[in-house]
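Peer 1: Residue numbers for the sequence shown follow my numbering, beginning at 106 and rising by one.
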Amino acid sequence: MKSSSSRRRHAAAVLSAALLVPSATACGGGGKESEGGDGAVALTVLAAASLTDVFRTAGAAYEKARPGTKVTFSFAGSQELAAQVRQGAPADALVTADTRTMDDLREDTAAPTVIARNRLVIATGEGNPRKIGALRDLADSKLKVVLAAPEVPVGRYSKKVLDAQRVEVKPVSHEPNVRAVLSKVELGEADAGLVYRTDAASASGKVDAVDIPDGQNAIASYPAAALRTSKNGEAAAEFVKWLSGPEAQKILADAGFQKP
106 MKSSSSRRRH
116 AAAVLSAALL
126 VPSATACGGG
136 GKESEGGDGA
146 VALTVLAAAS
156 LTDVFRTAGA
166 AYEKARPGTK
176 VTFSFAGSQE
186 LAAQVRQGAP
196 ADALVTADTR
206 TMDDLREDTA
216 APTVIARNRL
226 VIATGEGNPR
236 KIGALRDLAD
246 SKLKVVLAAP
256 EVPVGRYSKK
266 VLDAQRVEVK
276 PVSHEPNVRA
286 VLSKVELGEA
296 DAGLVYRTDA
306 ASASGKVDAV
316 DIPDGQNAIA
326 SYPAAALRTS
336 KNGEAAAEFV
346 KWLSGPEAQK
356 ILADAGFQKP
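1) Taking only three categories from DSSP, how would you classify Val259?
2) Got a sec, what are the start and stop residues for the beta strand (DSSP E) Leu252 sits in?
3) Mark Pro258 as exposed unless 16 or more other C-beta atoms lie within 10 angstroms of its C-beta, in which case mark it buried.
4) I'd like to know if the region 243 to 255 and the region 288 to 306 are in contact, where contact means that at least 3 CB-CB pairs between them fall below 8 Å.
5) What does Tyr327 pair with, by DSSP beta-bridge criteria?
6) Counting only the same chain and skipping the five closest in sequence on each side, list residues whose C-beta sits under 6 Å from that of Gly361.
7) What are the residues that DSSP puts in a beta bridge with Ala147?
8) Return the CA-CA distance between Val274 and Gly230, expressed in angstroms with no decimal places.
9) As a quick exercise: from Asp203, Asp209, Val159, Ala163, pick the residue whose alpha carbon is nearest that of Phe344.
10) With DSSP run on the structure shown, which of helix, strand or coil describes Leu199?
11) Give every residue of the same chain whose Cβ lies closer than 6 Å to the Cβ of Ala152, excluding the five residues on either side of it in the sequence, and list them in chain order.
12) Look at the alpha carbon of Gly350 and the alpha carbon of Gln189, and state the distance between them as a whole number of angstroms.
13) Could you say which of Thr204, Thr157, Thr149 lies nearest to Ala285 if we only look at CA atoms?
14) What are the residues that DSSP puts in a beta bridge with Glu280?
15) Using C-beta distances below 6 Å, list every residue in its chain close to Ser263, excluding the 5 sequence neighbours before and after it, in chain order.
16) Could you tell me whether the Cβ atoms of Ala353 and Ala198 are closer together than 9 Å?
17) Short of 8 Å in beta carbon distance, which residues of its chain neighbour Gly293, apart from the five on each side in sequence? Order them along the chain.
18) Using a 10 Å radius around the Cβ and a threshold of 16 neighbouring Cβ atoms, would you call Gly182 buried or exposed?
19) Could you pull out every residue in the same chain whose Cβ sits closer than 6 Å to the Cβ of Pro276, ignoring the five residues on either side in sequence?
20) For Ala117 and Thr204, I'd like the C-alpha separation in whole angstroms.
21) Give the straight-line distance between the Cα atoms of Leu148 and Leu240, rounded to the nearest whole angstrom.
22) In terms of residues, what are the limits of the beta strand (DSSP E) holding Leu299?
23) Note the first and the last residue of the continuous alpha helix (DSSP H) segment covering Val345.
24) Can you tell me the Cα-Cα spacing of Ile220 and Glu291, whole angstroms?
25) Can you say whether Gly260 is buried or exposed, counting buried as having 16 or more other CB atoms within 10 angstroms of its CB?
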């Protein structure tokens with residue numbers, strides 16, 4: 106007979122797997138759940154929210170070069186992805202927006218590889234109507250500033266750069282991932298927010314990006330790793346390796362990501 110704690114762990118794993126499905130984004134058409142008799146492979150990749158646009162492009166390129174392969178992505182804040190891995194959600198690979206989150210999952214992953222880097226910018230409304238020019242401007246109590254929650258990688262990076270410059274910000278909200286921060290600024294619900302450079306670029310024409318000098322900025326690293334629980338271990342490892350190759354690196358660079 107299972108103990109109550111065992112039943113709770115099982116229920117958490119089932120719930121996590123159920124939640125994973127609606128958030129997934131498939132790059133190809135229909136496919137099998139795992140390796141099939143005809144050689145088809147279906148991969149599920151858990152990826153940081155800031156990779157949403159670029160990974161859709163990368164996934165399509167990967168599928169085109171490997172007929173029969175289907176790549177499905179589930180995008181969320183890195184802390185949410187880590188929780189899914191711990192709860193046993195079915196997936197093949199993981200890409201986070203920081204090495205800290207990946208390091209905490211070392212027992213669940215193969216050796217990770219950093220595939221890209223990123224930096225922060227200040228996202229403002231189109232045309233920068235509040236004339237924000239530097240981090241220190243975010244301390245203005247008249248501004249509505251939104252930040253990611255401190256447990257999210259971009260939230261930790263934001264706190265790091267603000268604390269280093271001794272800029273005290275009282276955000277109107279803490280969001281679960283960087284795309285939620287960007288959305289608040291896009292919709293005019295916030296005057297400014299700290300996001301990755303690539304996220305601001307993805308919303309060109311809707312938001313402006315105010316650069317933060319390198320000496321005041323933080324570098325975000327994106328490690329990728331195959332999951333030990335993957336039913337497609339070799340295919341998952343191949344995808345992770347491909348992310349460091351020339352084709353994927355060009356796609357990442359074209360989206361504004363920096364080299365590893």
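Note that beta-carbon positions come from the ideal geometry of N, C-alpha and C, so glycine has one too.
Peer 2: Let me lay it out:
1) helix
2) 250 to 253
3) buried
4) yes
5) Ala221
6) Arg302, Thr303, Ala306
7) Lys175
8) 18 Å
9) Ala163
10) strand
11) Phe160, Phe178, Phe180, Val200
12) 27 Å
13) Thr157
14) Ala253
15) Leu252, Leu299
16) no
17) Gly230
18) buried
19) Val250, Val251, Leu252
20) With a pLDDT of 44 at Ala117, under the threshold of 50, the modelled position of that residue is not reliable, and the figure given next carries that caveat. Going from the Cα of Ala117 to the Cα of Thr204 covers about 25 Å.
21) 41 Å
22) 297 to 301
23) 338 to 348
24) 28 Å
25) buried
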